[in-house]
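Colleague: In the numbering used here, the protein residues as written are 13 to 403. The beta-carbon is built from N, C-alpha and C at its ideal position, and this holds for glycine as well. Questions regarding the structure given below will be posed in turn.
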Amino acid sequence: MNTAPGAQVARALTAKGELLDPAWHRTVLAVPREAFVPETVWVRTHREGLTVFAPYPRTDADVSRWIHQDYALMTQVDDGEPAGPDGTGIVPTSSISQPSLVVAMLQALDADDGDRILEIGTGPGYNLALLCERFGGDRIVSVEVDTGVAEQARRTLAELGYKPTIITGDGAAEVPDHGPFDHVLATVAAKDVPPAWLEQVRPGGRIVAPWGPGFTSAALLRLVVGEDGAAHGRLLRDAAFMWLRDQRRAVDSWRDHIDEATSGTTSGEAALNPRVVSDPDPGWGVVLGHLVPGLVAHVAEAAEGLLDAVGEATVRLYDRAGSWALAEYTPAGPPYETLCCGPRDLWQEVAAARAVWERAGRPGRDRLGVTVHPDGRQEVWADTPENALTV
Ligand SMILES: C[S@@+](CC[C@H](N)C(=O)[O-])C[C@H]1O[C@@H](n2cnc3c(N)ncnc32)[C@H](O)[C@@H]1O
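What follows is the structure in structure tokens.
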């Protein structure tokens, strides 16, 4: 029987075909994931009609199993102050990431022995331990925004004999006195890639991060920094992660933003099927979020049993900055009645984004790439960086 500290996790990953690099296989075998699990983990459940995260002791039979399997474990909610009913949490704010995703990110980074790596989002420190095990703690700097999380990670890593530099602070800013680095690995998602990441990486170095405009969950982005300081790269796979603290979206409802009784609304008609906002194509989700910044959509199906409304839906859009719109979908087809309010015409913006995506041949996420300029400007392109998708 294999008694290596990470044997069970490694087996869970090899069974899924996820550990393809033997050097990372050896690394996963060497690191005990259970050492990073705190006394309490937070498990998604439902209370009072809300999705919340309930506290479970790490000794719980299910949790004890999940520790050695390919699951993420939520280790903090609401920045350490659970804000839900009955001691539950609303927003997970730190976690031990899913091992298959951790390994996919490490393999995508493609770092060499001797490289210096900046990790953003230390969390409990499992990924950091893998980096230390493989490259040595003296090559790794990690930044964690939450003081308590950073302190716990320092303790756990020291107990296991790893000695990276862990900085408490905002990983979106430059890390003074430690750069430049060969690569940046973010285990927290960015809507806007911070320019400091580009500035701190040498030309040819990689930035691997969960990224997305925020309309859908993040995808794994692998950027290569060029001589001119810009970085280009492709979207590799799903990578649903929590967002950088300053880039989080509020937890709210359309009711906080849409009031149909307000004055100043404009009614009209749209030719585009409003249900396109829930087209599940991941490439469309990226393009829509990029071209209609801040967009949030909510589709309310007509209640079951309303015989004269079968298949109908009210589709609501808002941007949290004073613009909103709704459209009434009916299977009878266009035109669809619309109502808009605020400085932006969100239906017009969605229609323009859809036209751009269709003209580009409806690229799936595997055809999409991203360029980040040194000033932070981001472009999304199809197939090559010259093919930027713009309205
Ligand atoms: C998904 S967890 C990290 C997972 C972890 N690296 C692991 O080994 O599994 C994301 C972490 O990023 C941290 N974080 C969020 N915003 C940050 C920021 N601006 N700078 C640094 N850390 C941040 C959170 O506090 C959280 O601990």
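Just to check my reading of the structure: residue 65 and residue 101 have Cβ atoms closer than 8 Å, yes? What is that Cβ distance to the nearest angstrom?
Modeller: 4 Å
Colleague: Between residue 313 and residue 352, what straight-line distance do the alpha-carbon atoms span, to the nearest angstrom?
Modeller: 20 Å
Colleague: Rounded to the nearest angstrom, how far is the Cβ of residue 145 from that of residue 19, given a contact under 8 Å?
Modeller: Between residue 19 and residue 145 the Cβ distance is about 14 Å, and since that is not below 8 Å, they are no contact.
Colleague: Under DSSP, the beta strand (DSSP E) around residue 65 begins and ends at which residues?
Modeller: 62 to 69
Colleague: Return the chain-ordered ranges of every beta strand (DSSP E) run that is complete within the segment 92 to 172 and spans a minimum of 3 residues.
Modeller: Counting only runs of 3 or more, we get 104 to 108, 129 to 132 and 152 to 156.
Colleague: With a 10 Å radius around its C-beta and 16 neighbouring C-beta atoms as the bar for buried, classify residue 11 as buried or exposed.
Modeller: Residue 11 cannot be examined here, being either before or after the span of the chain that is shown, 13 to 403.
Colleague: Is the segment 314 to 331 touching the segment 278 to 291 in the sense that three or more CB pairs, one from each, lie closer than 8 Å?
Modeller: Contact between the segment 278 to 291 and the segment 314 to 331 is present: three or more C-beta pairs spanning the two stretches fall below 8 Å.
Colleague: Going by C-alpha to C-alpha distance, which of 279, 259 and 177 sits closest to residue 189?
Modeller: The option with the nearest alpha carbon to residue 189 is 177.
Colleague: Three or more C-beta pairs closer than 8 Å, one from the segment 206 to 223 and one from the segment 266 to 275: is that the case here?
Modeller: no
Colleague: Kindly list the residues whose CB is nearer than 8 Å to the CB of residue 79, restricted to its own chain and excluding five residues on each side of it in sequence; keep chain order.
Modeller: 45, 46, 49, 70 and 85
Colleague: Taking a contact to mean a Cβ-Cβ separation below 8 Å, would you say residue 307 touches residue 358 in this structure?
Modeller: yes
Colleague: Which of the three DSSP states, helix, strand or coil, is assigned to residue 193?
Modeller: strand
Colleague: Any contact of the segment 155 to 171 with the segment 130 to 142, i.e. 3+ C-beta pairs under 8 Å?
Modeller: yes
Colleague: So is residue 331 buried or exposed if we call it buried at 16+ other beta carbons inside 10 Å?
Modeller: buried
Colleague: Within its chain, find whatever has a CB closer than 6 Å to the CB of residue 114; leave out the 5 residues flanking it on each side and keep chain order.
Modeller: Here the set comprises 139.
Colleague: Let me know the secondary structure DSSP gives residue 320 once reduced to three states.
Modeller: helix
Colleague: What first and last residue would you give for the beta strand (DSSP E) that runs through residue 233?
Modeller: 231 to 237
Colleague: Residue 242: beta carbon under 7 Å from a heavy atom of ligand 1?
Modeller: no
Colleague: Sort 275, 108 and 187 by Cα distance to residue 334 and report the nearest one.
Modeller: 275
Colleague: Assign residue 390 to one of three DSSP states: helix, strand, or coil.
Modeller: DSSP places residue 390 in strand when its eight states are reduced to three.
Colleague: By DSSP, does residue 407 sit in helix, in strand, or in coil?
Modeller: The chain is shown only over 13 to 403; residue 407 falls outside these bounds and no answer can be derived.
Colleague: Please work out which residues of its chain come closer than 6 Å, Cβ to Cβ, to residue 23, disregarding the five sequence neighbours upstream and downstream, and give them in chain order.
Modeller: Once the five neighbours on either side are set aside, residue 23 has no close Cβ partner at all.
Colleague: Between which two residues does the beta strand (DSSP E) holding residue 381 run?
Modeller: Taken as a continuous stretch (DSSP letters only), the beta strand (DSSP E) holding residue 381 covers 380 to 384.
Colleague: Determine the burial state of residue 2: buried for a count of at least 16 other Cβ atoms within 10 Å of its Cβ, exposed for fewer.
Modeller: The chain is shown from 13 up to 403; residue 2 falls before or after that span and cannot be answered.
Colleague: Where do the N-terminal and C-terminal ends of the alpha helix (DSSP H) with residue 368 fall, by residue?
Modeller: 358 to 371
Colleague: For the alpha helix (DSSP H) holding residue 75, just list the boundary residues, first then last.
Modeller: 73 to 78
Colleague: Beta-carbon separation of residue 162 and residue 210 under 8 Å?
Modeller: no
Colleague: So within the segment 20 to 49, which uninterrupted alpha helix (DSSP H) runs reach at least 4 residues, ignoring any that extend past its ends?
Modeller: 34 to 42
Colleague: Going straight from the alpha carbon of residue 92 to that of residue 233, what length do you get?
Modeller: 29 Å
Colleague: Ignoring anything shorter than 4 residues, give me the alpha helix (DSSP H) runs that lie fully in the segment 283 to 313, in order along the chain.
Modeller: 294 to 303
Colleague: In three-state DSSP terms, what is residue 204?
Modeller: The three-state reading of DSSP puts residue 204 in coil, since its state is none of H, G, I, E or B.
Colleague: Please state the DSSP three-state secondary structure of residue 258.
Modeller: Correct three-state label for residue 258: helix.
Colleague: DSSP on residue 82, reduced to helix/strand/coil?
Modeller: coil
Colleague: Assign residue 168 to buried or exposed, taking buried as 16 or more other Cβ atoms, counted over all protein chains shown, within 10 Å of its Cβ.
Modeller: buried
Colleague: Is the separation between the beta-carbon of residue 68 and that of residue 89 shorter than 8 Å?
Modeller: no
Colleague: When the Cα of residue 179 is compared with those of 191, 248 and 389, which residue comes out closest?
Modeller: 191
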